[in-house]
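Visitor:
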Amino acid sequence: MKMEFTLLVISLLVVSTIADPVGDKNALLDFINNIHHSRPVNWNKSLSVCHEWRGVTCNSDQSRVIALRLPALGISGPIPPNTLSRLTAIQILSLRSNGITGPFPGDLARFDNLTALYLQSNKFTGALPLDFSVWKNISVIDLSYNNFNGSIPSSVSNLTQLTVLNLAHNNLSGEIPDLQIPTLQVLNLSYNNLTGPLPKSLKRFPLSAFSGNNIIFDPTFAPQLPPAPSPGYISPTGSGHKRILGEHLLLGIILGGVVLAFVIIAVFMVLCRSKKGDGVLPIKSKKKDGPAKKGVSESQNKNNKLIFFEGCSLAFDLEDLLRASAEVLGKGTFGTTYKAALEDTNTMVVKRLKEGSVAKREFEQQMELVGNIRHENVASLRAYYFSKEEKLMIYDYFYTGSVSALLHGKRGEGVYGLDWETRLRVAVGAARGIAHIHLANGGKLVHGNIKSSNIFINSQGYGCICDLGLATLMNPTPSPIVRTAGFRAPEVTDTRKSTQASDVYSFGVLLLELLTGKSPTSLSGGDEMVHLVRWVNSVVREEWTAEVFDVVLLKYPNIEEEMVELLQVGLTCTVRMPEERPKMSEVVKMVEEIRRMSTRPSSAGLKSELSTPTPLNVEIGSSSAAK
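According to mature numbering (1 follows the signal peptide of the UniProt record, and there is no 0), the stretch in the sequence shown is residues -19 to -1, 1 to 608, in order.
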């Protein structure tokens, strides 16, 4: 038996040794050992380059390195010759946000498999290469924020797969070549020294793509169209009766607008009244009992009092809840949630559970288990109430609202969705909270209802999980709601049989929701149900990763590395087979590592006013690399 085990270990070691791409590994070691870098990397020769080296991705059979991502590593100086050029299978190369100097690396001309090149925010100098044609498969080129000079080579027109070209903030001069590339979606040539007329093929791009240059624009250039004239406007050559007609039109529009405003206000007031109902919690109660503290005897508990947990300093009873002004926050899988403003100025969240056949003892045991969980990323259950008619759970109120409301709330002029740093904090906090839940009760506890409407933002700005402990207690949700709930794992048909693996799936959906800004399920134009997980997989499979991300994130420079990494975590969590999903403790490490990649200062809170977005630079690789 021992001999068989030894042979198995030896065979595994041999296989792993064979699978490791030795040539690429040595090339990377030569590179990192011959260039200065202020931040450490774990490139140890004894470790597997494909599985353990930071920033390195291999192909499916682990025979070659196909992606190298080393953003903000503190790399400085020129790229050592005959190092990276040996990675001839490379598809994605990202060395952004470093201090690399010298001319454009001529060795990159050997990368005929390259699909995405990120060299922005370095200190490169000199001219761009004359021949870009070798990169016949390239989709993204970002050389912005360097010191490149000379002209833009006309050979860029030969890149028939190019979707993103960013050469902004360099010292490029001369005329812009006629880039007739139908696939080009994002172009940024701003803040160079470019001159001459704008080619007709580029008139479809916004004016901001060419600002900061001396370019001559054709008067018919669409982005330069003047703002629409106000009502009543007439040209200087217009006649007198047209001017009078314009004034009458303006007056009519103003009066109509006033009437419309009154109608909208009236409708809004009616909706608010219907939303709040009668203004109090609709609780059925026959008694006026005072609060009971946790630990009271069973005989005392028979009076159906509010049961508070240790450490809770709140002092109110059921009668106080009945008198509280209430507002419906939402109706979910297990009941209706209210915001209750008590007379002592405390504001609580009261979850009124749907009627079910759960036994009192079973309910109390579950509440005791949930109430004893204390973690900064898990909303604390402050009290509960049980009677034959009513079952209540009481939490603290989060004034920022749920992540779902913040992500999918109305966006308008000057008001955008969550900023990138806040989304990362939501992901990190929620992951920590779920991992803590999975450790409770001997590793047997499951949340079972993880979705963005059950996640809030705590006082530190991190995600906080709410609505714990109901999935295994309440009656299963009847079909077809189960089938259309895009946050739920495909194997879950009975909410009482949720598992920790299904929690991981739901967290993966949350990550995709944070990245895309889309709901887990939505209706298409043809009223067809669109499932977020399937949609993201289909887009990535077609190698159009840039289409996945929320347009709000276009504002933030140099985050494509983190977005792609977080996307990979989300796809890993939402694989169809439960046994192939990672443990939540592993997911925490992955998400925290992605956040550590960031070199930006932390956000102090939620941001609602953002500056004009800049084009997004997304690393688009092969579907195998994306997975």
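Here a beta-carbon is modelled for each residue, glycine too, at the ideal position from N, C-alpha and C.
Tell me the DSSP bridge mates of N7?
Guide: Paired residue(s): none; N7 is not in a bridge.
Visitor: Ordered along the chain, which non-local residues of its own chain (more than five positions away) have a Cβ less than 6 Å from that of N151?
Guide: N127, F129, N173.
Visitor: Where does P501 fall in DSSP's three states?
Guide: In this structure, P501 counts as coil in the three-state DSSP scheme.
Visitor: For S19, collect the residues of the same chain with a Cβ closer than 6 Å to its Cβ; drop the 5 residues on either side in sequence, then sort them by chain order.
Guide: Result list for S19: G55, in chain order.
Visitor: Between the stretch 567 to 575 and the stretch 545 to 557, are three or more C-beta pairs nearer than 8 Å?
Guide: Yes: the two stretches touch, three or more of their Cβ pairs being nearer than 8 Å.
Visitor: Considering only C-alpha positions, which residue in the set E494, F437, T553 is nearest to F530?
Guide: Of the listed residues, the one whose Cα sits closest to F530 is E494.
Visitor: On the three-state DSSP scale, how would you describe G551?
Guide: In the structure shown, G551 sits in a helix (DSSP, three-state: H, G or I).
Visitor: Rounded to a whole number of angstroms, what is the C-alpha to C-alpha distance between T176 and D159?
Guide: Whole-angstrom Cα-Cα distance: 13 Å.
Visitor: Kindly list the residues whose CB is nearer than 7 Å to the CB of L140, restricted to its own chain and excluding five residues on each side of it in sequence; keep chain order.
Guide: Cβ within range, chain order: F113, W116, I119, I162.
Visitor: Do you know offhand how far P134's Cα is from L168's?
Guide: In a straight line, the C-alpha of P134 is about 15 Å away from that of L168.
Visitor: Using C-beta distances below 6 Å, list every residue in its chain close to I122, excluding the 5 sequence neighbours before and after it, in chain order.
Guide: Taken in chain order, the residues that qualify are L98, L146.
Visitor: Just confirm the distance between the C-beta atoms of N358 and Y486, as a whole number of angstroms; I'd bet it's less than 8 Å.
Guide: That pair is no contact at about 19 Å.
Visitor: Within this structure, are the beta carbons of L109 and F85 separated by less than 8 Å?
Guide: Yes, these two residues count as a Cβ contact at 8 Å.
Visitor: Within 10 Å of its beta-carbon, does T417 have 16 or more other beta-carbons around it, so buried, or fewer, so exposed?
Guide: Sequence check: residue 417 is His here, not Thr. Classification for H417: buried.
Visitor: I need the boundaries of the beta strand (DSSP E) containing T558, first residue and last residue.
Guide: The sequence as given places Met at residue 558; Thr does not occur at that position. That residue, M558, is in no beta strand (DSSP E); it is neither H nor E in DSSP.
Visitor: State yes or no: is the C-beta of K564 nearer than 7 Å to some heavy atom of the ligand MN?
Guide: Among the components of this structure there are no ligands whatsoever, and the ligand MN is therefore not found.
Visitor: For my contact list, F344 and F315 are in at a C-beta cut-off of 8 Å; report their separation, rounded to the angstrom.
Guide: Contact flag wrong, Cβ pair sits at about 12 Å.
Visitor: Can you look up L170 in the DSSP assignment and give me helix, strand or coil?
Guide: Here L170 sits in coil by DSSP.
Visitor: H419 and Q347: beta carbons closer than 8 Å?
Guide: No, Cβ-Cβ distance for H419 and Q347 is not below 8 Å.
Visitor: Taking 8 Å as the threshold (C-beta atoms), are S132 and S154 in contact?
Guide: Yes, they are a contact pair.
Visitor: So what's S57 in DSSP terms, helix, strand or just coil?
Guide: Reduced to three states, the DSSP call for S57 is strand.
Visitor: In angstroms, rounded to a whole number, what distance separates the CA positions of L(-13) and S75?
Guide: Note that L(-13) scores 43 on pLDDT, short of 50, meaning its location in the model is unreliable; the coordinates nonetheless yield the value given after this. The alpha-carbon atoms of L(-13) and S75 are separated by roughly 41 Å.
Visitor: Could you name each continuous alpha helix (DSSP H) segment of 4 residues or more that falls completely within the stretch 288 to 359, going from the start of the chain to the end?
Guide: As far as the stretch 288 to 359 is concerned, its whole alpha helix (DSSP H) runs of at least 4 residues are 299 to 304, 341 to 352.
Visitor: Looking at S341: is its Cβ nearer than 8 Å to the Cβ of T328?
Guide: Ser is not the amino acid found at residue 341; the sequence shown has Lys there. No, Cβ-Cβ distance for K341 and T328 is not below 8 Å.
Visitor: Less than 8 Å separating the beta-carbons of F488 and C554?
Guide: Yes, these two residues count as a Cβ contact at 8 Å.
Visitor: Are I73 and R91 closer than 8 Å when you measure CB to CB?
Guide: It is not a contact, given that the beta carbons lie outside the stated cut-off.
Visitor: Distance check for A412 and S306, CA to CA, integer angstroms please.
Guide: Approximately 34 Å, taken between the alpha carbons.
Visitor: Who are the Cβ neighbours of P563 in its own chain at under 8 Å, not counting the five residues just before and after it?
Guide: Closer than 8 Å at Cβ, skipping near neighbours: V485, T553, C554, M571.
Visitor: For W401, I'd like the list of residues in its chain whose CB is within less than 7 Å of its CB, leaving aside the five on either flank, ordered along the chain.
Guide: L534, Y537, I540, listed in sequence order.
Visitor: Cα separation between V409 and I157?
Guide: When rounded, the distance between both Cα atoms is 44 Å.
Visitor: Any idea if Q101 is buried or exposed, counting beta-carbon neighbours within 10 angstroms, 16 or more meaning buried?
Guide: Counting Cβ neighbours within 10 Å, Q101 comes out buried, since at least 16 surround it.
Visitor: So what's A70 in DSSP terms, helix, strand or just coil?
Guide: Reduced to three states, the DSSP call for A70 is coil.
Visitor: Which value, in whole angstroms, describes the spacing of the CA atoms of I13 and S78?
Guide: If I take the Cα positions, the gap works out to 16 Å.
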